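Protein chains in written order, with my numbering: chain A, 1 to 501; chain B, 1001 to 1501. In this text, a Cβ means the ideal position worked out from N, Cα and C, and glycines have one as well. Since the structure is predicted, the reported quantities are computational estimates derived from the model, not experimental observations.
2 protein chains.
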Amino acid sequence: MKHEGYTSFRQQMRKIADIEYAAAVLEWDKEVNLPQKGAPIRGQQTATLYGLAHEYFTAPTFGALLADLHQNGADLSAKERRNIELSLHDYQRKSCLASDFVVRRSALVSKGYHAWLAARKANDYSVFEPALADLVAIKREEAEQLGYAGHPYNALLQEFEPNTTTQELDVLFEDVKTQLIDFVKHLKQQPQVDDQFLHQPFDKDKQWAFGLEVLKRMGYDFQAGRQDLSPHPFTINFGPSDVRVTTRIDEQGFTSMTWSCIHEGGHALYEQGLPEADYGLPTGRYLSLGIHESQSRLWENNVGRMLPFWEANYSLLQEYFPKQLDGISVEQFVRAINKVSPSLIRIESDELHYHFHILIRYELEKALVEGSLSTKELGAAWNAKYKAYLGVDVPDDNQGVLQDIHWAHGSLGYFPTYSLGSFYAAQFYQQAEQDLPNLNAQIRAGDNTALLSWLRENIHQHGRYFTAQDLCTRITGSPLRFEQFMDYAKAKYSWVYGLSS
Amino acid sequence: MKHEGYTSFRQQMRKIADIEYAAAVLEWDKEVNLPQKGAPIRGQQTATLYGLAHEYFTAPTFGALLADLHQNGADLSAKERRNIELSLHDYQRKSCLASDFVVRRSALVSKGYHAWLAARKANDYSVFEPALADLVAIKREEAEQLGYAGHPYNALLQEFEPNTTTQELDVLFEDVKTQLIDFVKHLKQQPQVDDQFLHQPFDKDKQWAFGLEVLKRMGYDFQAGRQDLSPHPFTINFGPSDVRVTTRIDEQGFTSMTWSCIHEGGHALYEQGLPEADYGLPTGRYLSLGIHESQSRLWENNVGRMLPFWEANYSLLQEYFPKQLDGISVEQFVRAINKVSPSLIRIESDELHYHFHILIRYELEKALVEGSLSTKELGAAWNAKYKAYLGVDVPDDNQGVLQDIHWAHGSLGYFPTYSLGSFYAAQFYQQAEQDLPNLNAQIRAGDNTALLSWLRENIHQHGRYFTAQDLCTRITGSPLRFEQFMDYAKAKYSWVYGLSS
């Protein structure tokens, strides 16, 4: 017999999902299509929908239903009980914030965003600093309201990476500092890779066509999604049967388009692989930002910047751009796309330096939240860390502390998930190679289906059923270990730089 | 002092509008972008939003607020009182339908739509007939629940054309039968207009570019809208600052694209001209479908199929298509685009025969609703009327009674608004010519701003403040008169066919 309370829980969750996904359609449309004058009303419409979804989810009657099902749900299946448990957890987290606090926070976020835009325009951090100070203060207040064990930053992390703590992150980033910095230093002493040929004109339409082909070859289902252009590439979904990606095209090189396609394609394959029958339920949603990022990075780096993938796809690229790639072997090509060189801007970074960018942000935002660093001191601290970890001088605020939008949105605790994504990706991919002995041969032959099936079975289909930690242990036999990322990095870059191992 | 009750009324109306316009974004996206597999969930998401909007609007507490403001709103402005009056009217209309009735109706509409699709596929009306019988029955029931004076069809008309009755329509369509049929017969006896050159290949991209240019020249604001392609052209809006149009392109002729642009452009100019400050309120919404259609038809026919407009724009068209239009004078061109010839399909009809298509549908649906015609008899009745009024033999159901989607959607009472639109357009345009003595000279010079300002001032800015009848009298000094359409038709087609008047 079907449990009646569970049926109403499910219906309510589907309704909330309908509203949230509708808001997501409005956001997609804003990025891809919105005429200029439509922006203010669109902002209001989107806010109304998110407000409604929040109202339904945090309604005390709904909370009571969840509590009752949690208490008296012995007859439910394990998955149903897990959905109740996760929803109750979300309910408690969302409803413990006082509603006047939520209003204040959303006003500060809006103020922060506009201050950040103004500061970007002036290329002057001091324009943003007072708003950021307010944002940091309210995020501290949020941590207090949410409650936490240990560091207050732990409370903020939960929004993006549930069950992860500074304790775990401190260990990982300590490894970044000790192991990765040394390795990158060693690479810098090698003769540099030639990537000149990547920087020349590449026709826009041909890039677009190539990007679509790459997505198809990855297994992205164009009957359940589409690709469009937008200034900042992103993936968004309105259920697993409509998962959309965007890319951008730089006519002075095809790399930005290509790896944004592969990266967003990885995100999209995850969303397309979530169980449609669990629409609206926790088990129908992505697990965490770190796991989401593991899917994009696995395709982007562990697959898409490796020789087997390009042994399958380089001839197609050459068909599109015969002149530009004339005389460049696939090995030269793969070395070029993996050139290691420090940069000022996170999103332009190579795969290794990337984690120094995240390390810096992690250290800074933790210090801001614990109060050991003030927003007034932030600019100087930023520049000092870039000098120390990357060896670069920051010439101005736009290329420094103002480069990311995250803090302006009040998103403290988000950045670490990017590094977690890469580390999970390395560990997952090494397991996939063990489980699928022909994996690299298949990829070399242009067949990505075994890999996709492996991801579907081990990761996608579970949604939020397991925690990230449990999922990782379940798949690889061990919790997340930085060593596996280092193994991957050493093997790959030794080949790229022709080091004897 | 601001009236507190009015402020909450306004807030609630804005919230409802946010939800409805969000649903409209989902519908636009469905027509323009939706990947195939996304359709089922999208249908559910859209239904959830419309359901929510309905729930908020018909909430008894909201009804009580409206009743109270209606009773005790003496301190409100005339416009505020009008907004209350209209909203209360809408509330009463929407909330008098029992909720189980609404559920039953929506199930029958869904069944009807799928039966119509199946019937179209089989080219067989009998496949659709049982579902249509159910739809007619429930629309009769709806009329009873809504209440009416005189003919039950009056109750159904209100959804599309408030304050209009069969009494008024009977007079208009009697005029169509007596006056227009004779005139069209007379035209058919004349030597026929040569429009051969319209039927040849016209490049798709050039058509697209020309259509955008035409919209710009009409005054359509691309900062508050955009044009896209869709199988069926339509206009949709999410507030007056985001009003979108679509068109379609037939490569074997540019006429379908051009006049769909102008037609939808006319609809869009109306929506862009509604007062933004009244977002969500009746005075911020279009008046009726007939008035909406008057705006599209005025631009399409009274402007866009007349000589002055093409004296301004023909040279641009010739620039795009020099070969196809070589040796064709602007007069020949305008005669060709006004060729009168009976057709089987309403949406392919010329401007005059069009009203016989509507007359037939009006007579048939009125008979269905009053019960003097059964759905079993409908197919034969359709064919007989096409023979009688247009002189054509209907070869099959797809070209006959199955051609329109309206009845499958349960939209009985919609069709007459198309003819009302043309008749209002003729009357409005003649008034504009009187008010603006240089109007045709301005249009000939490519300047449409005076006309647009006249429409904005006389029609657009008022939203639903006046009834259609009052608006017409206010602008033209008289209620709607078919004679003014006949005057326009006679003058125009006498020129097209070279008749001595």
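Select from the options the residue whose C-alpha is nearest the C-alpha of residue i.
{"i": "A:Q442", "options": "A:V330, A:A312, A:Y286, A:A122", "result": "A:A312"}
{"i": "A:L316", "options": "A:R217, A:S349, A:Q403", "result": "A:R217"}
{"i": "A:Q324", "options": "A:V303, A:D203, A:T449", "result": "A:D203"}
{"i": "A:A17", "options": "A:L76, A:Q403, A:Y314, A:R285", "result": "A:R285"}
{"i": "B:L1000", "options": "B:R1081, B:P1162, B:F1356, B:A1381", "result": "Residue 1000 of chain B lies beyond the range of chain B shown here (1001 to 1501); nothing can be said about it."}
{"i": "B:T1258", "options": "B:M1013, B:A1023, B:Y1465, B:D1205", "result": "B:D1205"}
{"i": "B:I1236", "options": "B:F1356, B:W1028, B:S1500", "result": "B:W1028"}
{"i": "A:L420", "options": "A:Q403, A:R297, A:H151, A:M306", "result": "A:R297"}
{"i": "A:Q461", "options": "A:L26, A:I84, A:Y91, A:P240", "result": "A:P240"}
{"i": "B:Q1179", "options": "B:F1485, B:E1031, B:V1032, B:V1340", "result": "B:F1485"}
{"i": "A:A98", "options": "A:T58, A:P130, A:R82", "result": "A:T58"}
{"i": "B:L1215", "options": "B:R1042, B:L1269, B:V1184, B:T1164", "result": "B:L1269"}
{"i": "B:V1392", "options": "B:S1341, B:A1426, B:N1438", "result": "B:S1341"}
{"i": "A:R456", "options": "A:I138, A:D182, A:H292", "result": "A:H292"}
{"i": "A:Q92", "options": "A:G253, A:R226, A:A489, A:L66", "result": "A:L66"}
{"i": "B:D1404", "options": "B:A1432, B:E1433, B:E1365", "result": "B:E1365"}
{"i": "A:M13", "options": "A:T283, A:F197, A:L307", "result": "A:T283"}
Between the alpha carbons of residue i and residue j, how many angstroms are there, rounded?
{"i": "A:Y153", "j": "A:H353", "result": "24 Å"}
{"i": "B:A1039", "j": "B:T1046", "result": "10 Å"}
{"i": "A:E264", "j": "B:E1213", "result": "36 Å"}
{"i": "A:A224", "j": "A:T449", "result": "17 Å"}
{"i": "A:V245", "j": "A:F222", "result": "10 Å"}
{"i": "A:L274", "j": "A:H409", "result": "28 Å"}
{"i": "B:I1475", "j": "B:N1458", "result": "7 Å"}
{"i": "B:A1133", "j": "A:Y113", "result": "57 Å"}
{"i": "A:T483", "j": "B:H1232", "result": "Position check: residue 483 of chain A holds Glu in this sequence, whereas Thr was assumed. The straight-line gap from Cα to Cα measures roughly 58 Å."}
{"i": "B:D1447", "j": "B:E1363", "result": "41 Å"}
{"i": "A:Q399", "j": "B:Y1056", "result": "48 Å"}
{"i": "A:L169", "j": "A:I347", "result": "21 Å"}
{"i": "B:E1142", "j": "B:L1378", "result": "21 Å"}
{"i": "A:G290", "j": "A:A425", "result": "10 Å"}
{"i": "A:L108", "j": "B:E1085", "result": "39 Å"}
{"i": "A:Q318", "j": "A:E4", "result": "60 Å"}
{"i": "B:N1440", "j": "B:H1054", "result": "45 Å"}
{"i": "B:L1198", "j": "A:L34", "result": "35 Å"}
{"i": "B:Y1414", "j": "B:L1287", "result": "14 Å"}
{"i": "B:R1104", "j": "B:K1111", "result": "11 Å"}
{"i": "A:S343", "j": "A:S87", "result": "42 Å"}
{"i": "B:L1359", "j": "B:S1230", "result": "28 Å"}
{"i": "B:P1130", "j": "B:L1052", "result": "31 Å"}
List the residues of chain A that residue i touches, going by C-beta distances under 9 Å, in chain order.
{"i": "B:L1049", "result": "D18, I19, A22, L49"}
{"i": "B:P1035", "result": "D221, F222, Q223, A224, G225, R226, S241, D242, V243, R244"}
Assign residue i to buried or exposed, taking buried as 16 or more other Cβ atoms, counted over all protein chains shown, within 10 Å of its Cβ.
{"i": "A:P416", "result": "buried"}
{"i": "A:S349", "result": "buried"}
{"i": "B:A1064", "result": "exposed"}
{"i": "B:K1499", "result": "In the sequence under discussion, the amino acid at residue 1499 of chain B is Leu, which differs from the Lys named in the question. Under this definition B:L1499 is an exposed residue."}
{"i": "A:H357", "result": "buried"}
{"i": "A:A209", "result": "exposed"}
{"i": "B:L1260", "result": "The displayed chain sequence assigns Ser, not Leu, to residue 1260 of chain B. So B:S1260 counts as buried."}
{"i": "B:T1048", "result": "buried"}
{"i": "A:D397", "result": "buried"}
{"i": "A:G266", "result": "buried"}
{"i": "B:V1136", "result": "buried"}
{"i": "A:T61", "result": "exposed"}
{"i": "A:C472", "result": "buried"}
Give the residues of chain C in contact with residue i, contact being defined as C-beta atoms less than 8 Å apart.
{"i": "A:Q461", "result": "Among the protein chains in the structure shown, which are A and B, there is no chain C."}
Which residues of chain B have a Cβ atom closer than 8 Å to the Cβ of residue i, listed in chain order?
{"i": "A:K15", "result": "T1048"}
{"i": "A:F238", "result": "G1038, I1041, R1042, Q1045"}
Worksheet item: When Cβ atoms are compared, which residues of the stretch 1019-1030 of chain B fall closer than 9 Å to chain A?
Response: I1019, Y1021, A1022, A1023, V1025, L1026, W1028, D1029
Worksheet item: Relative to chain A, which residues along the stretch 1249-1282 of chain B have a C-beta separation below 9 Å, given in chain order?
Response: E1276, Y1279
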